[in-house]
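Just so we're aligned, residue 944 is where the sequence shown starts under the working numbering, counting upward by one. For each residue, glycine too, the CB sits at the ideal point set by N, CA and C. Written below as structure tokens is the structure these notes are about.
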Amino acid sequence: MAEVRITGLHKRYGAFHAVRGIDLDIRDGEFTVLVGPSGCGKSTLLRTIAGLEESSEGTIEIGGEVVNDFRPRDRDVAMVFQSYALYPH
């Protein structure tokens, strides 16, 4: 597993601001769970980390390398979603 660092991440859909200024550090070997109410941006954040959504602003680093422009398959990321429909690749 590799360290994941997210800095100043924003995701907008037109005028709707789905994710606002997320800063997150997950160290190598840590297990992380995102919990929150429906519609708060959990799945959007995970899809952005995985590369299924493009961030509007901010940086995503995996293993010390900025991966914002990497395709999903090139990020070498695995996640567990409540529904397989959220990660269709």
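So, using beta-carbon positions, are residue i and residue j closer together than 9 Å?
i: Ser998; j: Leu952; result: yes
i: Glu946; j: Ile1003; result: no
i: Thr987; j: Glu973; result: no
i: Leu989; j: Met1022; result: yes
What first and last residue would you give for the beta strand (DSSP E) that runs through residue i?
i: Ala961; result: Phe959 to Ile969
i: Glu996; result: Where Glu996 is concerned, there is no enclosing beta strand (DSSP E), given that its DSSP letter is neither H nor E.
Would you decide whether residue i is buried or exposed? Buried here means 16 or more other CB atoms lie within 10 Å of its CB.
i: Gly964; result: exposed
i: Gly994; result: buried
i: Val978; result: exposed
i: Thr991; result: buried
i: Val1020; result: buried
Check for me: the alpha helix (DSSP H) holding residue i runs from which residue to which?
i: Arg948; result: Careful: Arg948 lies outside any alpha helix (DSSP H), inside the beta strand (DSSP E) at Val947 to Tyr956.
i: Thr975; result: Run containing Thr975: none; DSSP gives neither H nor E here.
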